[in-house]
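Participant:
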Amino acid sequence: MLSVITSALPTVDRELAFTFSIVSLSSGEASPEAVRKWQIDVKKLALKAFRDLGIETKDVTEEDIKKACSVVLDDAKKTIPRGMSSFNFKADYVSPEYVQELIELDKTFLEQF
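Going by numbering that gives the first Met the number 0, the sequence shown opens with residue 0, and the numbers climb by one from there.
(1) Quick one: give me the first and last residue of the beta strand (DSSP E) that I4 is part of.
(2) Under the three-state reduction of DSSP, which class applies to T18: helix, strand or coil?
(3) For N175, which residues of its own chain have a beta-carbon under 7 angstroms away from its beta-carbon, when the five flanking residues on both sides are left out?
(4) Have a look at the DSSP bridge pairing and note the partners of A90.
(5) Which value, in whole angstroms, describes the spacing of the CA atoms of F108 and E62?
(6) Taking a contact to mean a Cβ-Cβ separation below 8 angstroms, would you say L8 touches R50 in this structure?
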């Protein structure tokens with residue numbers, strides 16, 4: 000089973016949006032509920048890490064982003080559900096017009112957690 004969860008945050012200059020995706024591949028042994036919960040937990044941690052970094056309020060360096068990604072990846076590796084074959088975490092900048100709806104959805108997601 001392949002599952003993807005994507006998130007986006009506005010940046011300080013609003014010319015770009017910061018986005019990340021968590022892609023997981025699991026065998027039939029992995030519980031879909033466990034994979035979904037794991038992805039949501041990784042998403043929460045990533046949103047917190049990038050917001051704590053200040054991605055929405057100040058210019059951040061590529062090195063800062065790499066450090067935040069490392070924190071997220073390390074936690075994801077430690078908490079990966081049994082039976083999940085692999086996962087990929089990708090972060091990048093994109094034009095905000097492509098992810099505006101996602102930015103709005105993530106505002107709602109953040110309010111819940």
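Ideal Cβ placement from N, Cα and C applies to all residues, glycine included.
Facilitator: Short version:
(1) 1-9
(2) strand
(3) Because the chain here runs from 0 to 112, residue 175 falls outside it and cannot be looked at.
(4) F19
(5) 27 angstroms
(6) yes
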